[in-house]
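Right, one structure below, let's go through it.
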Amino acid sequence: MARRSSLTSSLYKAARLTNNLRAASNGPTAYAKRVVRKKVYAKQMSFTRKLLKGFGLSK
């Protein structure tokens, strides 16, 4: 049986979808910029998490 997602999780997911649609409606360049920006943020957060983990300040 699939797990139910919380209301907050569902709202955040809906917001991400609407923002993706809004960027896509502005053209492929706007959507591509959004995708790249998300990837860059994910890389930076991954590095920060590893750094904090090394100092024992994160899970």
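Read left to right, the sequence shown gives residues 674 to 732 (my numbering). Built from N, CA and C at the ideal position, the CB exists for glycine as well.
*By how many angstroms is the C-alpha of Val713 removed from the C-alpha of Arg722?*
Computed Cα separation, rounded: 14 angstroms.
_Continuous alpha helix (DSSP H) stretch holding Leu684: start and end_ = Here the alpha helix (DSSP H) through Leu684 covers 680-698.
*Nearest candidate by alpha-carbon position, reference Tyr704, set Met718, Ala715, Lys716, Arg689*: Distance check between Tyr704 and each of Met718, Ala715, Lys716, Arg689 places Arg689 closest, using alpha-carbon atoms only.
*asked:* In the DSSP assignment, the alpha helix (DSSP H) including Gly727 goes from what residue to what residue?
replied: Element bounds for Gly727: 701-727.
*Are Ser731 and Leu725 close, meaning C-beta to C-beta below 8 angstroms?*
A contact, by the Cβ cut-off of 8 angstroms.
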